[in-house]
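What follows is a short report on a single structure.
Residue numbers (this note's numbering), protein chains in the order written: chain A, 6 to 226; chain B, 3 to 815.
Shown next, in the form of structure tokens:
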């Protein structure tokens, strides 16, 4: 599904070059659950941003299924992202002034989906994640775990093939974190490919394999 | 008091720390306050200040009234009856224009004079600086001629001779004894050189006949505690009694009475009030912008405020601190505004139409009332734009703000206030733009108005022949024949003519009776603008002939009497027949019949905005003026000279020709026809361009307001935009989101502004010509213009929003 070859990311400041990622090669098959680990500043989040097609300032080859991402323009990358990738953040990033229902509707509103169909999809997700009772609440009326649950629901609502999660349990206490990881496991079992960045060995156990990064290099796979 | 001083010190320090913010704010306020000060200085002097006479607020103006001529002058016998019968006024006095030529002691000079009844200066509360006022005995036929002279004339012509009183003055070849010199400060509606008693000529037929209205009007000084309304009721009752008593001359007539102040300002008042409202709106918009800036600043200062609160400051104390800063800003704006106002007043005075009476304009400047106004406006402005942000800022949640580590966030309430301010700005500027649009359209209509003549390259001037030297009809006719022969022979002259009255200045109105269509009561006769001219005048003015022929050299005093009529006449009397060959009488049923020889295109004798209904115009040959009036009517004629090049360059040559014929004969009122036309639309031009400038300023401020709110909103929403982009929003989605947010505010503002414009522009309908106050094209055009400007103002922050990098935005925390 994903094939990275020789990916490099550099920040240039005058004559100084700072490498964030160096010659990264990575293959992820469909249905895999991969954990990316490493110390702070190792390049984990940068790698995730490249995988999520947010970052285009890198060199190397990136194949997403049959699409050669490195040759795609901005628009096509955005389209690819929109159709196949869901994102879960450490800080949930729900929109404060929107209700749970409206937050779930946001990604659908950026696709050409009719309103009736969107309503059905949101209802389905609310039901699947057992948050129907919370649909009219605002994020600040939910606990951290509940907010992350909504964030995951939002990430999967348009049935992405790939979920990228950046330390999804970083802000949660252990029991809430565990619930979220079990949710990821279930989604993975249902066929969704998941790549998560985590500091937690315990969370990494939920995945199939771990990719270790240090100073921008893949040091262990 | 101690803490107040601390607030001021701290306020100054805060403003000093943000020089950019302080500069922009003070500049915006200075523009708003300066414009208000400048306009107020004019409004205060012209509209609010009592006229510069003792008891100026008690002086009233009177005229006669009839259905056909609502502002008629007063006949002398009627004036005497009013004077003797009225009870509500301490005294009343009459005045009329009269021009004189002064000779002796230098070049002959034409003087602007007034004939006034005894008591005129007592009504105005004016005491001569030298000598005395007229006595009632001097205001009678046969009395020794006396004169009061103006300070200016005394200085200019008589070298300020301190012993002038009781000396003789030669006015139009008659000797007058100077009884006094008026004070230097005395001003009348226009400069006057000499005053003489009106009663000296009261024995002349034009004064003794009750039905004759000799261009005379009446002033009165109300008794204390008598209202204008009471005096009006009384004078109308007297006039109506006279109408019953003298039905032949006074039938159907009444009187009008108004305060002199109201009368003097009636033409300029609507324009000034409109401009005052306009600058008020501009200041409000500037306030809204500053309030928006302060709200943004308050957001970034929420931590400081939270810390102050944590240290024990109460809400009132915080509000006071913030309001002190606002007041400092507005006072600085006011101080700079005064500087702007000084320039503004100079510009306003230069642009003020010349036909605004001088006595109203004198004294415009930065005087005490104006300075007090500026101070009040500055303080109110500071409170106005400072209060909402101060209240908002003082409400900040201590816990949240401190926990947040100082990260700023746009409170929903704060954003709502900002939105309301922007909506108000757009609505107000739409209102101003609609008003300016209507005035511009109206002014364009005025400019396009078919005047009935061509004012290009026409020099106009007046030659007033003194009665004492030109007593015989032949003398008068010979003078004009000789002058016109000489003028037409001058190089550069295409054609030249004579007339009793030029267009734009109104004209003498006479009743006409068409043969076969006579009215039973002569009072019901159609009133026509009755003009006479020589054949050359029609060519010089390029008057259009519709039918028949123009007056020619063959139309002399010995040939059949003829008259030319305008299209208005034709549509009134002969809508479906040829009027040429028909006959009419001018001035009563005993007047001789005249043959209609031609029809000319209607001319605008009352200015481009005259209402055409009922303004029938007729021309007769000046040589056919009845012999008994010939010399009197034709002593002061106007010349219209069509030139090949610059018309003003011919004035010296014409003056020279006049002096060649009569070395004591002055010429006056030298102008071009173009200038005469321009002067009639000067008040509209003045109001139009000033309002256009204010409306453009308002639009610019509103655009800056929208830009500011949207730019701030984008900064505040960077995080949200980042999330949305991470969730799949494209550049276009983000652009649409930001633009639609801004345009929603703009559209609400436009809708409210349109509603306000429909309600308020009705008040300016007196300033409009040829365009309705609810002209859909202007409303539509202005809405589209403002919406486009709003769109541009939204696009800049919207484009910035599309460049948000989702990853950076998400790491924002």
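Every residue gets a Cβ at the ideal spot worked out from N, C-alpha and C, and that includes glycine. Quick caveat, the model's predicted, so the values are computed rather than measured.
Requested in this report: Tell me residue 464 of chain B's beta-bridge partners as DSSP assigns them.
Outcome: Its beta-bridge partners are B:640 and B:670.
**Report entry** Own chain, CB closer than 7 Å to residue 290 of chain B, minus 5 neighbours either side, in chain order
**Finding:** 423, 426, 427 and 707
Requested in this report: Report the option in B:104, B:99 and B:107 whose CA atom is closest to the CA atom of residue 115 of chain B.
Outcome: B:99
Query raised in the report: Would you say residue 209 of chain A faces chain B, with C-beta separation under 8 Å as the test?
Result: no
Report task. Verify whether the separation of the beta carbon atoms of residue 723 of chain B and residue 741 of chain B is less than 8 Å. Result -> Their beta carbons are not under 8 Å apart, which means residue 723 of chain B does not touch residue 741 of chain B by this criterion.
**Report entry** Strand pairing of residue 188 of chain B, partner residues [DSSP]
**Finding:** Per DSSP, none; premise fails for residue 188 of chain B.
**Report entry** Which listed residue (B:134, B:154 and B:33) has its alpha carbon closest to that of residue 168 of chain B
**Finding:** B:134
Query - Closer than 8 Å at the beta carbon, the chain A residues around residue 729 of chain B - result: 92, 111, 112, 115 and 159
Requested in this report: Take every Cβ of the segment 204 to 215 of chain A, pair it with every Cβ of the segment 169 to 189 of chain A, and state whether three or more of those distances are shorter than 8 Å.
Outcome: yes
Requested in this report: Pull up the distance between the alpha-carbon of residue 773 of chain B and that of residue 440 of chain B, whole angstroms please.
Outcome: 7 Å
Requested in this report: Tell me, please, whether the segment 328 to 348 of chain B touches the segment 377 to 387 of chain B by the rule of three or more beta-carbon pairs shorter than 8 Å.
Outcome: As far as the Cβ criterion goes, the segment 328 to 348 of chain B touches the segment 377 to 387 of chain B, which means the pair count is three or higher.
**Report entry** residue 209 of chain B: first and last residue of the uninterrupted alpha helix (DSSP H) it sits in
**Finding:** 207 to 210
Query raised in the report: Which residues in the same chain as residue 388 of chain B place their Cβ atom closer than 6 Å to its Cβ, once the five residues preceding and following it in sequence are excluded?
Result: Answer for residue 388 of chain B: 325 and 328, listed in chain order.
**Report entry** Residues that residue 91 of chain B bridges to, as DSSP identifies them
**Finding:** B:224
Requested in this report: Determine the chain A residues that contact residue 722 of chain B at a beta-carbon separation under 7 Å, and present them in chain order.
Outcome: 100
Query raised in the report: Would DSSP call residue 701 of chain B helix, strand or coil?
Result: helix
Requested in this report: Would you list the one or two residues that DSSP bridges to residue 112 of chain B?
Outcome: Beta-bridge pairing by DSSP links residue 112 of chain B to B:103.
Query raised in the report: In terms of alpha-carbon separation, which member of B:11, B:30 and B:120 lies closest to residue 699 of chain B?
Result: B:30
Report task. Please state whether DSSP places residue 68 of chain A in a helix, a strand or coil. Result -> strand
**Report entry** Cβ of residue 732 of chain B within 8 Å of any chain A Cβ
**Finding:** yes
Query - Beta-carbon proximity of residue 93 of chain A to residue 160 of chain A, cut-off 8 Å - result: yes
Requested in this report: Rank A:149, A:194, A:168 and A:49 by C-alpha distance to the C-alpha of residue 179 of chain A and give the top, closest one.
Outcome: A:149
Query - Any chain A beta carbon closer than 8 Å to residue 712 of chain B - result: With 8 Å as the cut-off, residue 712 of chain B does not count as an interface residue toward chain A.
**Report entry** Contiguous alpha helix (DSSP H) assignments of at least 4 residues, all confined to the segment 302 to 372 of chain B
**Finding:** Counting only runs of 4 or more residues that sit fully inside the segment 302 to 372 of chain B, the alpha helix (DSSP H) segments are 304 to 312, 317 to 353 and 360 to 363, in chain order.
Query raised in the report: What residues in its chain sit with their C-beta under 6 Å from that of residue 632 of chain B, if we drop five residues either side in the sequence?
Result: 475
Query - Buried versus exposed, by CB contacts within 10 Å (16 or more), residue 23 of chain A - result: exposed
Query raised in the report: Where does residue 227 of chain B land, buried or exposed, given buried means 16+ other C-beta within 10 angstroms?
Result: exposed
Requested in this report: Give the C-beta separation of residue 600 of chain B and residue 551 of chain B to the nearest angstrom, bearing in mind that I take them to be a contact with Cβ-Cβ under 8 Å.
Outcome: 5 Å
**Report entry** Straight-line Cα distance separating residue 254 of chain B from residue 67 of chain B
**Finding:** 9 Å
**Report entry** Inter-residue Cα distance where the pair is residue 108 of chain B and residue 701 of chain B
**Finding:** 58 Å
Query raised in the report: With a cut-off of 8 Å, do at least 3 Cβ pairs link the segment 55 to 74 of chain A to the segment 100 to 109 of chain A?
Result: no
Requested in this report: Could you tell me the distance, in whole angstroms, from the CA atom of residue 795 of chain B to the CA atom of residue 715 of chain B?
Outcome: 13 Å
Query raised in the report: In chain order, what residues of the same chain lie with their CB nearer than 6 Å to the CB of residue 471 of chain B, ignoring the 5 residues before and after it?
Result: 175
Requested in this report: Spell out the partners DSSP gives residue 214 of chain A in its beta bridges.
Outcome: A:39
**Report entry** Segment contact flag, the segment 124 to 134 of chain B with the segment 174 to 188 of chain B, C-beta cutoff 8 Å, min 3 pairs
**Finding:** The answer is yes - the segment 174 to 188 of chain B touches the segment 124 to 134 of chain B, with three or more Cβ pairs under 8 Å.
Requested in this report: Under 7 Å between beta-carbons, which chain B residues line up against residue 213 of chain A? List them in chain order, please.
Outcome: Those within 7 Å of residue 213 of chain A in chain B number zero; the least Cβ separation is about 25 Å.
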